[in-house]
Amino acid sequence: MPMPLSASARLRDRPRAILYGRVSEEKPGSRSCGQQLDIGDRRAIEFSWEVVGRYADDGRSASQYASQSREDWETEVLPRIERGEAEILWLWEFSRGTRERMMWARLADACQRHSMFIALDDELWDTLNPDHMRYLDGLMADSVAESGKTRKRIIRDVAAQAEVGAPHGEAAFGFAREYDPKTGVLLRQVIDPGQAEIVREAAERFLGGDGLQTIAKDFNARGIPAPRGGRWHGSTLRYLLERPSLMGKRSWRGRIMESGGWPHIIDPPDWWAIQAKLRDPSRRKAKDTKARHLLSGIALCGEPTCRGKLRMRQDRWGFKYSCVGVYPGAPTGLGHVSRSERKTDRHVELMLAQRFSMRDVLERLAAGGGASENAGEVQAELEALEADLELAYEAAKRTGPGRLPMARLLEIEATLTPRIEELRGRLRPKAVDPMAQALADEDPARVLETWRGWTLEQQRSALRAWTEEIVVLRTGKTGRRELTAHESISISWVGA
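With positions in the sequence shown counted from 1, the corresponding number in the numbering used here is that position plus 1440.
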């Protein structure tokens, strides 16, 4: 190794050396971490170094854009250098150490404080020599520039792939990739039959009224593997069902690309119905998996000044839905309304059977979903607005005359984006609630039969989805006369 003159005076007879190897990804012709360290071992023997540490970070980037940390570098190499535990840091090439400016500043400072050398394969560079540091600083600048170019190229390629709706990254759960055996180029994304069945079951059950936690618990009990191993959780299912890839579409920067795509696991109308249900604010407060009564926490007090949610109360006659707001002069513990659970549930069921056997409801559900009326006009306006927004983005990227100021771009975004989202929503096919379709029948008796075959969780989920409010009315004293359903309960139906 050609050793600079300044080195000979300070290096002891057998200097301590730390060897470090790193690769971002395996490429044809590149050296693996093991190969790099083997070269380092040979240099140590050749130049009589004492190797005090061999470290490697495989599959890790050293740039500022890295998404994963370098465990060996951050927990071993750099701390040992900062403690002065070696005289030499050996790297196969400069960029194996770092491509990040702030990291280089920290490394250079530590090396200079402890009078260290940096070895690049068979060349030794003195960090106390200004000329040597100027050379190393130049290598650092080159590494940062190359990293930036790579980043720019990746972003450009990702954008191009997104515009044509091509898949990106690793295959999502439910899918597999087919590659050209000779070139390794991606040919297509296809459905993984086994995983797709799990996705379909989760989607159907969620739309059918089962909660995410209930589905996850059942999957775990049946030994169904989760996407990345381990156990299923409600959050796992939520993340899975939120992915547009399930309906065969690519998302990019929060936008679902209409072009391109691949075979879908879930029909687009059902996927959009799942998103609406996942985003329903009432679901976040609902605890239907733990509920034991149909209307507790759902039914409201009929007193106009109260409208509080009814809770369960038990006395010697059984369970009752009761308001917790006590009116002046009321007997102890009695709220505005207090009604038998059995009779109240029966009244709700009768009104439900009446609703889902009505001709107009049956016709609406039989018609199914559909796109917006005047879809051609909506599509034309959408394409024009998207083109205007794209032109604004391109103008903002320019340099020199004609460049659109950032403030103006933000104004254009704020003006066009809400209308674009509205038009996209109008073009989406509207899904019909599968639970409502399953329940509807011209015979009220069959409606009741279907309803009573559902779990309590499904029934409560359906009531939350189909009703604006269920109010238990105040009736005053009725003596022994039985109340009718409409005297006892008021239901405001969604879309009525």
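By construction, the Cβ of each residue, glycine as well, lies at the ideal position given by its N, Cα and C atoms.
Using a threshold of 8 Å, state whether the C-beta atoms of residue i and residue j are closer than that.
i: residue 1477; j: residue 1534; result: no
i: residue 1830; j: residue 1863; result: no
i: residue 1882; j: residue 1762; result: no
i: residue 1422; j: residue 1458; result: Nothing about residue 1422 can be reported from this structure: the residues present for the chain run from 1441 to 1936 only.
i: residue 1765; j: residue 1780; result: no
i: residue 1560; j: residue 1518; result: no
i: residue 1562; j: residue 1483; result: yes
i: residue 1860; j: residue 1826; result: yes
i: residue 1875; j: residue 1648; result: yes
i: residue 1639; j: residue 1614; result: yes
i: residue 1628; j: residue 1702; result: yes
i: residue 1472; j: residue 1501; result: no
So for residue i, helix, strand or coil by DSSP?
i: residue 1925; result: helix
i: residue 1615; result: strand
i: residue 1749; result: strand
i: residue 1468; result: Because residue 1468 sits at a pLDDT of 49, beneath the cut-off of 50, its placement in the model cannot be relied upon, and the point is left open.
i: residue 1887; result: helix
i: residue 1811; result: Low per-residue confidence applies at residue 1811: pLDDT is 48, beneath 50, and the placement is therefore not dependable, though the value from the model is reported in the following sentence. Of the three classes helix, strand and coil, the one that applies to residue 1811 here is coil, per DSSP.
i: residue 1659; result: helix
i: residue 1669; result: strand
i: residue 1555; result: coil
i: residue 1396; result: Examination of residue 1396 is not possible in this model, given that the chain is present from 1441 through 1936 alone.
i: residue 1602; result: At residue 1602, the pLDDT of 49 sits below 50, so the modelled position is not reliable; the number obtained from the coordinates is stated separately. Of the three classes helix, strand and coil, the one that applies to residue 1602 here is helix, per DSSP.
i: residue 1933; result: strand
i: residue 1526; result: coil
i: residue 1731; result: coil
i: residue 1696; result: strand
i: residue 1764; result: coil
i: residue 1462; result: strand
i: residue 1913; result: coil
i: residue 1513; result: helix
i: residue 1939; result: No answer is possible for residue 1939: it lies beyond the span of the chain, which begins at 1441 and ends at 1936.
i: residue 1636; result: helix
i: residue 1588; result: helix
i: residue 1827; result: helix
Taking only the alpha-carbon atoms, compute the straight-line gap between residue i and residue j and give it to the nearest angstrom.
i: residue 1462; j: residue 1510; result: 9 Å
i: residue 1445; j: residue 1565; result: Residue confidence is low: residue 1445 scores 41 on pLDDT, short of 50, so the model does not pin down where it sits. No coordinate-derived value is stated.
i: residue 1900; j: residue 1793; result: 15 Å
i: residue 1687; j: residue 1706; result: 5 Å
i: residue 1714; j: residue 1682; result: 8 Å
i: residue 1621; j: residue 1801; result: 55 Å
i: residue 1928; j: residue 1914; result: 8 Å
i: residue 1664; j: residue 1824; result: 47 Å
i: residue 1926; j: residue 1932; result: 12 Å
i: residue 1748; j: residue 1855; result: 40 Å
i: residue 1653; j: residue 1835; result: 48 Å
i: residue 1690; j: residue 1610; result: 13 Å
i: residue 1497; j: residue 1583; result: 18 Å
i: residue 1735; j: residue 1902; result: 12 Å
i: residue 1570; j: residue 1508; result: 33 Å
i: residue 1833; j: residue 1696; result: 18 Å
i: residue 1846; j: residue 1589; result: 23 Å
i: residue 1719; j: residue 1712; result: 11 Å
i: residue 1660; j: residue 1612; result: 20 Å
i: residue 1650; j: residue 1895; result: 9 Å
i: residue 1746; j: residue 1756; result: 26 Å
i: residue 1658; j: residue 1752; result: 29 Å
i: residue 1905; j: residue 1669; result: 33 Å
i: residue 1811; j: residue 1704; result: For residue 1811, the predicted structure reports a pLDDT of 48, less than 50, and the residue's modelled location is therefore unreliable. The matter cannot be settled from this model.
i: residue 1499; j: residue 1581; result: 23 Å
i: residue 1572; j: residue 1545; result: 15 Å
Verify the CB distance criterion: does residue i have a CB-CB separation below 8 Å to chain D?
i: residue 1908; result: Looking for chain D here will not work: only one protein chain is present.
For residue i, count neighbouring Cβ atoms within 10 angstroms of its own Cβ and tell me buried if that reaches 16, exposed if not.
i: residue 1468; result: The pLDDT assigned to residue 1468 is 49, lower than 50, so where the model puts this residue is not dependable; a value taken from the coordinates is nonetheless given after this. It counts as exposed.
i: residue 1636; result: buried
i: residue 1837; result: exposed
i: residue 1602; result: At residue 1602, the pLDDT of 49 sits below 50, so the modelled position is not reliable and the matter cannot be decided from this model.
i: residue 1455; result: buried
i: residue 1710; result: buried
i: residue 1586; result: exposed
i: residue 1625; result: exposed
i: residue 1730; result: exposed
i: residue 1543; result: buried
i: residue 1578; result: exposed
i: residue 1537; result: buried
i: residue 1788; result: buried
i: residue 1893; result: exposed
**Item:** Cβ contact check for the segment 1903–1914 and the segment 1735–1753: 3 or more pairs under 8 Å
**Value:** The segment 1903–1914, when compared against the segment 1735–1753, does touch it at the 8 Å Cβ threshold.
**Message:** For the segment 1546–1557 against the segment 1482–1493, do three or more pairs of beta-carbon atoms, one drawn from each stretch, fall closer than 8 Å, so that the two count as touching?
**Reply:** Segments in contact, no.
**Message:** Tell me whether the segment 1778–1794 and the segment 1875–1893 touch, counting them as touching only if at least three CB pairs, one residue from each stretch, are closer than 8 Å.
**Reply:** Enough Cβ pairs lie closer than 8 Å, so yes.
**Message:** I want to know whether the segment 1541–1551 touches the segment 1516–1529 - three or more CB-CB distances under 8 Å.
**Reply:** The segment 1541–1551, when compared against the segment 1516–1529, does touch it at the 8 Å Cβ threshold.
**the segment 1661–1681 touching the segment 1638–1651, judged by at least three CB pairs closer than 8 Å** = At 8 Å Cβ cutoff, the stretches touch.
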